[in-house]
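Chains as they are written, first to last, in my numbering: chain A, 83 to 230; chain B, 145 to 223. Heads up: the structure comes next, in structure tokens.
Below is the structure:
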């Protein structure tokens, strides 16, 4: 199966965000429509729906293209992605009023306060999460699709 | 060992070993198979893959999410 390796890499990359998306939609329906909680989830859905899957797919295509000369393990390759996505996501969230900067911390979705002291550990946790997701899920899919 | 013995051994060896063909090239390119074998041998063996470290990272992630539940929707935002 040597045809269209970039397409297969893209599809393997978008697999995880595509799985998470229905979960987010379910949370959106429950919180916004059933519980009628006044938080701006609609704006918060734009980034995970429109940007994150593309980032994952393109990042896996980059892995396919660069692995020949970088020999970087796929887990570490995936752990680099938050360095790119975190500022983009924060910028989008700030523009859509999903993220606000307070005196003691940031407030996500007008309901989730995160102190500034927890941002660095949270970012490290994101690196760990991405490392595990890419190593075990995207790496498995790459092997299944014959591009690992 | 006299001359007759030497000749006898020579004959036996020539009978046992088939003559090399005039075209000694193999029928197919063996280098890709060699590269595959090299890749297999250079791969990290299972005992060095450190799955315990990944379990520890997963446990740390779960502990962080439990201690700071406000981070869960933020993580989902980036997935």
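For every residue, glycine included, the Cβ atom is placed at its ideal position computed from N, Cα and C. As the structure is a prediction and not an experimental result, all values here were calculated from the model.
For this session: Excluding the 5 residues preceding and the 5 following residue 213 of chain A in the sequence, name in chain order all residues of the same chain whose CB lies nearer than 8 Å to its CB.
Result: Taking the first chain and counting its residues from 1, the one referred to as residue 213 of chain A is at position 131. 157, 158, 160, 161.
Exercise. For residue 223 of chain B and chain A, any beta-carbon pair shorter than 9 Å?
Worked result: Residue mapping note: residue 223 of chain B aligns to position 79 of the second chain, counting from 1. Yes, contact with chain A.
For this session: Identify the continuous alpha helix (DSSP H) that holds residue 222 of chain A and give its terminal residues.
Result: Here residue 222 of chain A refers to the residue found at position 140 of the first chain. Unbroken alpha helix (DSSP H) run through residue 222 of chain A: 221 to 226.
For this session: Classify residue 128 of chain A as helix, strand or coil using the three-state DSSP reduction.
Result: As a working mapping, residue 128 of chain A is identified with position 46 in the first chain. Helix, per DSSP.
Problem set entry | Secondary structure of residue 187 of chain A, DSSP reduced to three states | Walking along the first chain from the start, residue 187 of chain A turns up at place 105. Residue 187 of chain A: strand per DSSP, three-state reduction.
Exercise. Do we get a CB-CB distance below 9 Å when we pair residue 116 of chain A with the residues of chain B?
Worked result: As a position in the first chain, residue 116 of chain A is number 34, starting the count at 1. Answer no: the Cβ-Cβ gap between residue 116 of chain A and chain B never drops below 9 Å.
For this session: Output the distance between the C-alpha atoms of residue 208 of chain B and residue 195 of chain B, rounded to the nearest integer angstrom.
Result: As a position in the second chain, residue 208 of chain B is number 64, starting the count at 1. As a position in the second chain, residue 195 of chain B is number 51, starting the count at 1. Approximately 20 Å, taken between the alpha carbons.
Exercise. Since residue 88 of chain A is in the alpha helix (DSSP H), which residue starts that stretch and which ends it?
Worked result: Sequence index remark: in the first chain, residue 88 of chain A carries index 6 (1-based). Where residue 88 of chain A is concerned, the enclosing alpha helix (DSSP H) stretches over 87 to 110.
For this session: Taking C-beta pairs closer than 9 Å, name the residues in chain A that residue 173 of chain B reaches, listed in chain order.
Result: As a working note, residue 173 of chain B is residue 29 in the second chain. Result: empty, since nearest Cβ-Cβ is about 17 Å, beyond 9 Å.
Exercise. Since residue 202 of chain B meets chain A, which of its residues come closer than 7 Å, beta carbon to beta carbon?
Worked result: Against the second chain, residue 202 of chain B aligns to sequence position 58. Ordered by position in chain A, the residues that pass the 7 Å Cβ test against residue 202 of chain B are 214.
For this session: Identify each residue in the segment 90 to 109 of chain A for which the Cβ-Cβ distance to at least one residue of chain B is less than 8 Å, and report them in chain order.
Result: 98, 99, 102, 105, 106, 109
Exercise. Does the beta-carbon distance from residue 154 of chain A to residue 95 of chain A come in below 9 Å?
Worked result: Along the first chain, one-based indexing puts residue 154 of chain A at 72. Along the first chain, one-based indexing puts residue 95 of chain A at 13. No; because the gap between Cβ atoms is not below 9 Å, this pair is not in contact.
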